[in-house]
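One structure below.
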Amino acid sequence: MEVDSKIIVVPWDFTPVTEYALQHAIKISRQTRNDVCLLHIVDKVTSEGGMKAKQASMENRGAEVERTFGVKVKTHVTRGTIFKQIPEFVNDRKASLVVMGTHGMSGMQKLTGSWALKVIAKSKVPYIVVQAPPNDNERYHDIVFPVDFRSEEKEKLSMAIFMGKYFDSKIHILKAMRKDDSLAKKTNLNLNYTVRMLIQNNIDYEIREVPADKLGEHALEIAQEMKADLILIMTTKDITFADYVWGAKEQYIIANSSKIPVCCVNPTSAFANLGQFMYG
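Residue numbers (the working numbering): 61 to 340.
Structure representation (structure tokens):
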């Protein structure tokens with residue numbers, strides 16, 4: 061599949077945080093040549109006239125983006141809930157990526173960190189979850205990349221390679237220090253594989269060792285210190301296991317107080333799509 065035949069989906073509700081998500085999507089689209097698609101969800105009682113008005117407003121915003129940035133923007137309005145319609149749309153359309161603002165859905169469908177995680181877990185593509193505009197309109201300079209013992213860790217490496225290639229990013233690897241010999245061995249295998257692939261792709265990196273307990277909190281602290289542009293994590297549907305791996309629940313990483321964007325990669329589902337996104 062050609063690189064420019066896929067779309068970047070932005071869930072849209074006309075609030076500032078979804079505008080921030082659009083700004084990130086524009087930044088990515090200008091490098092990848094993917095079209096952007098604004099997706100708006102309305103409830104089942106919204107009239108046809110109301111839906112058409114929303115569609116027209118989105119088309120106007122899309123036209124502004126195309127004139128200003130040369131990025132083609134598609135629009136889609138549908139009825140339902142964010143939990144069903146967003147994953148269904150991105151899976152059916154084989155989207156490359158979703159860029160989603162937290163706290164971006166109004167009323168009863170307001171999107172918080174925990175609700176965002178529910179949407180992400182049902183999708184087959186990576187999500188970048190944002191709370192603020194991009195720090196830089198051209199690059200994602202510094203990306204925090206925790207590495208632990210899970211075999212799925214290798215899957216998020218595709219996203220790191222993508223960012224390194226398209227945005228000249230430096231990958232800041234955080235190696236989780238495990239006391240258990242078996243888990244430490246698995247972590248080292250993941251680390252060695254990560255480093256080997258980054259070297260093969262000529263991507264700059266550094267390695268830091270951090271305590272394995274509360275890995276998520278350590279990742280946030282380091283990201284805040286360096287004013288990172290992105291934190292890259294794997295998601296898991298097992299909340300108990302997530303607590304064991306991360307310490308801080310994933311939703312708190314997603315909705316972090318420093319408003320650092322977080323890229324969430326789902327185990328087993330995002331790898332193939334991202335490969336198409338990166339390499340055609």
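Where a beta carbon is used, it is the ideal one built from N, C-alpha and C, also for glycine.
Roughly how many whole angstroms lie between the Cα atoms of residue i and residue j?
{"i": "Glu-277", "j": "Ile-313", "result": "8 Å"}
{"i": "Asp-303", "j": "Ala-272", "result": "With a pLDDT of 46 at Asp-303, under the threshold of 50, the predicted position of this residue should be treated as unreliable, though the coordinate-derived value follows. Roughly 12 Å between the two C-alpha positions."}
{"i": "His-232", "j": "Glu-213", "result": "15 Å"}
{"i": "Ser-107", "j": "Ala-181", "result": "30 Å"}
{"i": "Phe-143", "j": "Thr-75", "result": "19 Å"}
{"i": "Arg-139", "j": "Asp-103", "result": "5 Å"}
{"i": "Asp-123", "j": "Phe-129", "result": "A small fix is needed here, since residue 123 is Ala in this sequence, not Asp. When rounded, the distance between both Cα atoms is 10 Å."}
{"i": "Gln-145", "j": "Ile-101", "result": "7 Å"}
{"i": "Asp-73", "j": "Met-111", "result": "12 Å"}
{"i": "Glu-198", "j": "Phe-149", "result": "28 Å"}
{"i": "Leu-243", "j": "Ile-282", "result": "23 Å"}
{"i": "His-136", "j": "Arg-268", "result": "43 Å"}
{"i": "Lys-29", "j": "Ala-81", "result": "Missing from the structure shown is residue 29; the chain here goes from 61 to 340 and no further."}
{"i": "Gly-109", "j": "Met-219", "result": "40 Å"}
{"i": "Glu-79", "j": "Ala-279", "result": "27 Å"}
{"i": "Lys-230", "j": "Glu-266", "result": "8 Å"}
So, under 8 Å CB-CB, residue i and residue j are touching, yes? Tell me the CB distance rounded to an integer number of Å.
{"i": "Ile-203", "j": "Val-131", "result": "Incorrect: roughly 23 Å between the Cβ atoms, too far for contact."}
{"i": "Pro-321", "j": "Ile-221", "result": "Between Ile-221 and Pro-321 the Cβ distance is about 18 Å, and since that is not below 8 Å, they are no contact."}
{"i": "Gln-83", "j": "Pro-194", "result": "6 Å"}
{"i": "Glu-215", "j": "Pro-147", "result": "Actually they are not in contact, since the Cβ atoms of Glu-215 and Pro-147 sit about 18 Å apart, beyond 8 Å."}
{"i": "Tyr-200", "j": "Asp-289", "result": "4 Å"}
{"i": "Arg-153", "j": "Ile-67", "result": "6 Å"}
{"i": "Leu-217", "j": "Val-270", "result": "Not quite, the Cβ-Cβ distance comes to about 18 Å (not below 8 Å), so this is no contact."}
Assuming contact is defined by CB atoms lying nearer than 8 Å, are residue i and residue j in contact in what I supplied?
{"i": "Thr-296", "j": "Val-325", "result": "no"}
{"i": "Ile-293", "j": "Pro-206", "result": "yes"}
{"i": "Lys-319", "j": "Ala-236", "result": "no"}
{"i": "Leu-99", "j": "Val-70", "result": "yes"}
{"i": "Arg-238", "j": "Thr-247", "result": "yes"}
{"i": "Val-133", "j": "Val-158", "result": "no"}
{"i": "Ala-315", "j": "Thr-162", "result": "yes"}
{"i": "Asn-250", "j": "Phe-209", "result": "yes"}
Compute the minimum distance between the beta carbon of residue i and the heavy atoms of the ligand GDP, and state whether it is under 7 Å.
{"i": "Lys-87", "result": "The ligand GDP is not part of the structure shown, which contains no ligands of any sort."}
Any contact between the stretch 114-130 and the stretch 211-229? By contact I mean 3 or more CB pairs, one from each, below 8 Å.
no
Unbroken beta strand (DSSP E) runs of length 3 or more, entirely within the stretch 205-267: which are they?
230-237
Which runs of the alpha helix (DSSP H) at least 4 residues long sit entirely within the stretch 65-103? Give them in chain order.
76-92
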